[in-house]
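*Asks:*
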Amino acid sequence: MAPRSTQADGKAKKAMKAPKAKAKAKAKAKTVAKSAMKAPAKAKAPTVVRKAKVVTKSDDKETSLATAEAFMQSAAASALAGIRLGHGGPFGATIVRDGVIIAAAHNMVLHRKDPTGHAEMNAIQQACQALGSHDLSDCELFTTCEPCPMCWGAVQWARLCKVHIGVDRHTAAKYGFDDKVFYDEVDAKSGCYGLRRCGLIEDTSIGLEHTKTPVTKNMVEVYDGLLHEDIKELFTNPALNRTLRRRFGSQDGGKLAEAYKEVFVRHPESAPAPLLQGDQKNRSQHEAFMRHAIAAAEDGARRGASKEREPFGVVVVKDGTVISEAHNSVLDTRDATATAEVNAIRKATTKLRSHSLEGCDLYTTTHPDLMSLGAILWSRISRVYCGVSQQIAAQCGFEEGIIHFQDLLQEQGRRATTVVEGVAIKECEAVFQEWSDRKLPSSCLINGSNGVIY
Ligand SMILES: [Zn+2]
1 MAPRSTQADG KAKKAMKAPK AKAKAKAKAK TVAKSAMKAP AKAKAPTVVR
51 KAKVVTKSDD KETSLATAEA FMQSAAASAL AGIRLGHGGP FGATIVRDGV
101 IIAAAHNMVL HRKDPTGHAE MNAIQQACQA LGSHDLSDCE LFTTCEPCPM
151 CWGAVQWARL CKVHIGVDRH TAAKYGFDDK VFYDEVDAKS GCYGLRRCGL
201 IEDTSIGLEH TKTPVTKNMV EVYDGLLHED IKELFTNPAL NRTLRRRFGS
251 QDGGKLAEAY KEVFVRHPES APAPLLQGDQ KNRSQHEAFM RHAIAAAEDG
301 ARRGASKERE PFGVVVVKDG TVISEAHNSV LDTRDATATA EVNAIRKATT
351 KLRSHSLEGC DLYTTTHPDL MSLGAILWSR ISRVYCGVSQ QIAAQCGFEE
401 GIIHFQDLLQ EQGRRATTVV EGVAIKECEA VFQEWSDRKL PSSCLINGSN
451 GVIY
C-alpha cells in the first residue's frame with residue numbers, strides 16, 4: 001500500500017462513487033479541460049477575424065492514431081534492444097507527457113535479477129524520477145503488450161490517465177507468455193479481499209471461450225489475521241496513523257468514516273482467508289516475524305520516510321531468517337512502485353542475486369494491494385502472512401489498494417484509466433517474433449519452461 005495525497009483522496013472517493021458512465025464522462029471532461037489548458041489564450045476583442053481551419057473529426061482521429069503509433073514504435077524499439085542485450089522478455093514501454101517522451105524502458109528482469117523489473121514498472125519508475133513526483137496523472141503510457149496484474153496496479157498507483165496497448169494477452173500467449181495463471185491467481189485470491197470472484201475463466205491456451213473449470217493451482221498461500229489486534233491499533237489510532245486524522249478528523253470526516261465502514265466490508269459470501277490453518281504450533285515464530293514487520297513500518301514513520309506514518313511494513317523470510325525488511329517509501333523516494341512489499345522483494349532478490357524467491361515467506365502488516373500481490377506472484381514467494389485486511393486499511397483512510405482490485409476484477413482496469421487497444425500491433429508483434437526466433441539460454445528458464453519465463 002502507498003500513502004496518498006489530498007488530491008488522491010478526492011480522486012479515489014469520486015472514483016469509488018462514480019458509476020461507469022460518470023467516470024467516462026469525467027475522463028472526457030478531463031481531456032477537454034486539458035486541451036483547453038494547452039490551447040493558446042484567446043484575445044479578448046479580436047480585431048481580425050480569421051477563417052478557422054476546418055478540422056474534421058476523422059482528421060483528428062487519424063492524426064492522434066498516427067502519433068500514438070509513433071510513440072508505440074519507440075516502446076517496441078526499446079523492447080527489441082532489450083532482447084538483443086539479453087535483459088529480459090520482449091516487452092517495451094514508453095511514457096509521454098505533453099507530447100514528449102520522458103521515459104522509455106524494456107523488461108530488465110534477468111539483467112537486474114528483479115522480478116518486478118517489467119517494462120511498465122521500469123518506465124513508471126523512470127518517469128517518476130524525471131518529474132520528481134509519484135503522480136503521473138498528466139502522462140500517458142505506451143506498452144507493447146497488455147499489462148499483467150502487477151503492472152495494472154502500478155498504472156493505478158501512478159494515476160496514469162491513459163494507457164495505449166499494442167498486442168493483447170492472447171497474442172503474448174501465442175509466443176509462450178501466458179499471464180493467464182497470474183490473472184487466475186488474482187481472481188482466486190480476490191475472495192481474501194472480500195470481493196466477488198469473476199466466475200468464468202478465460203483459457204487463453206485453448207481459445208477465447210469461457211470455461212467453468214475451477215482454479216486448482218495455488219501459486220501463493222495467503223494467511224490472515226496474524227497479530228490482527230496489534231496492527232489494527234496502528235491503523236485506528238489517529239495519534240499513530242496521521243492519514244486517519246487528516247481524512248476523518250473533522251465533523252464531516254466522522255460521517256465519511258461511517259460511510260467507509262459501510263462501503264468497505266468483506267462480502268458476506270467470501271470467507272476470510274484461513275488463520276494459520278494447521279500451523280498453530282509455529283504461531284510464536286510467525287508472530288515474531290510479524291513484529292519485525294511492524295517494527296519496519298514504525299521505523300519508516302519514525303525516520304520520517306513515510307510522512308504520514310502509514311503503517312505498512314514487510315519482511316521477507318528464508319529458512320527461518322529475515323533476509324529483507326522494508327516500509328512504504330512512495331513519497332520519500334518519489335517512486336509510485338515503492339510499496340513496502342515491492343521494496344522488500346527488491347532488497348531480497350538483490351541479496352540472493354536471483355530474480356526468484358521460491359520458498360521464501362513474506363510477512364506484511366496489511367493484505368497486499370494489487371501491484372504488490374502481482375510482485376509477490378512474479379517473485380514466486382510461497383506464503384504470505386497478513387495482519388489486517390484491505391477492508392480495515394480502507395476504513396482507516398487507505399482505500400486505493402482495494403479499489404485497484406475492484407477496478408481490475410470488475411472493470412478490467414478501465415474505470416479510472418482510458419485504454420486504447422491495438423496500437424501499432426504489427427510492430428509490437430514483431431518484437432515477439434524476434435524473441436521466438438532466437439534461442440533462449442537454459443539458464444534463463446525457471447523450472448524449465450512453464451510458459452512464464454520472464
Ligand atoms: Zn507486468
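Sequential numbering of the sequence shown, starting at 1, is according to full-length UniProt numbering. We treat Cβ as the ideally placed atom computed from N, Cα and C, and that holds for glycine. Since this is a predicted model, take the numbers as computed values, not measurements.
1. Ordered along the chain, which non-local residues of its own chain (more than five positions away) have a Cβ less than 6 Å from that of I402?
2. Mind checking whether the beta-carbon of E120 lies closer than 7 Å to any heavy atom of ligand 1?
3. Report buried or exposed for N343, applying the criterion of at least 16 other Cβ atoms within 10 angstroms of its Cβ.
4. Can the beta-carbon of S382 be found less than 8 Å from the beta-carbon of A348?
5. Suppose contacts are defined by Cβ-Cβ distances below 8 Å. Is I102 in contact with L141 by that definition?
6. Residues bridged to D361 by DSSP?
7. Would you tell me roughly how many angstroms separate the C-alpha atoms of T333 and E262, rounded to the nearest one?
8. Could you give the distance in angstroms between the alpha-carbon of H398 and the alpha-carbon of R246?
9. Compute the distance between the beta-carbons of V330 and M72, then report whether it is under 8 Å.
10. If you measure from the CB of M150, is any heavy atom of ligand 1 nearer than 7 Å?
11. Does the count of Cβ pairs from the segment 126-143 and the segment 79-93 closer than 8 Å reach three?
12. Along the chain, where does the alpha helix (DSSP H) that runs through C128 open and close?
13. Distance check for A130 and G82, CA to CA, integer angstroms please.
14. Is P46 helix, strand or coil when you go by DSSP?
15. So if DSSP puts E140 in a beta bridge, which residue, or which two residues, is it bridged to?
16. Should G132 be labelled buried (16 or more other beta-carbon atoms within 10 Å of its own) or exposed?
17. Could you tell me whether the Cβ atoms of K87 and M121 are closer together than 8 Å?
18. If we count Cβ pairs, one from each stretch, closer than 8 Å, do we get three or more for the segment 172-181 versus the segment 424-439?
19. Using the Cα positions of A296 and A77, report the straight-line distance between them to the nearest angstrom.
20. Please name the residue or residues paired with Y223 in a DSSP beta bridge.
21. Going by the DSSP bridge assignment, what does I345 pair with across the sheet?
22. Just to confirm, does P147 get its C-beta within under 7 Å of one of the non-hydrogen atoms of ligand 1?
23. DSSP three-state label for V423, please.
24. Does the beta-carbon distance from L377 to F182 come in below 8 Å?
25. Can you pull the DSSP bridge partners for C148?
26. Looking at the unbroken alpha helix (DSSP H) that takes in D407, where does it start and where does it end?
27. Given this structure, state the Cα-to-Cα distance separating T168 from E341, to the nearest angstrom.
28. I need the DSSP call for T339, collapsed to helix, strand or coil.
29. Tell me the residue span of the alpha helix (DSSP H) that contains A295.
30. Got a sec, what are the start and stop residues for the alpha helix (DSSP H) L244 sits in?
31. Could you name the residues that DSSP lists as bridge partners for V322?
32. Pick helix, strand or coil for H327, following the three-state DSSP scheme.
*Replies:* The answer reads as follows:
1. Q390 and A394
2. yes
3. So N343 ends up on the buried side.
4. no
5. no
6. V317 and R383
7. Taken atom to atom, the span from the alpha-carbon of T333 to that of E262 is near 34 Å.
8. According to the sequence displayed, residue 398 carries Phe and not His. Taking the straight line joining both Cα atoms gives about 12 Å.
9. no
10. yes
11. Two segments are said to touch when three or more pairs of C-beta atoms, one from each, lie closer than 8 Å; by this definition the segment 126-143 touches the segment 79-93.
12. For C128, the enclosing alpha helix (DSSP H) covers residues A119 to L131.
13. 21 Å
14. With a pLDDT of 39 at P46, under the threshold of 50, the modelled position of this residue cannot be trusted; read the value that follows with caution. P46 falls in the coil class under three-state DSSP.
15. V96 and K162
16. exposed
17. The amino acid at residue 87 is misidentified as Lys; the sequence shows His. Inclusion of H87 and M121 in the CB contact set at 8 Å is not warranted, their separation being larger than that value.
18. yes
19. A296 and A77: Cα-Cα distance of roughly 40 Å.
20. DSSP lists Y385 as partners of Y223.
21. In DSSP, I345 forms no bridge with anything.
22. yes
23. DSSP places V423 in coil when its eight states are reduced to three.
24. yes
25. The partner list for C148 (beta bridge, DSSP) is empty, contrary to what the question assumes.
26. E400 to E411
27. Note on identity: in this sequence residue 168 is Asp, with Thr being the wrong assignment. Their backbone Cα atoms lie some 27 Å apart in a straight line.
28. T339 carries a coil assignment under DSSP once its states are collapsed to helix, strand and coil.
29. R283 to R302
30. Start and end: R242 to F248.
31. V317
32. strand
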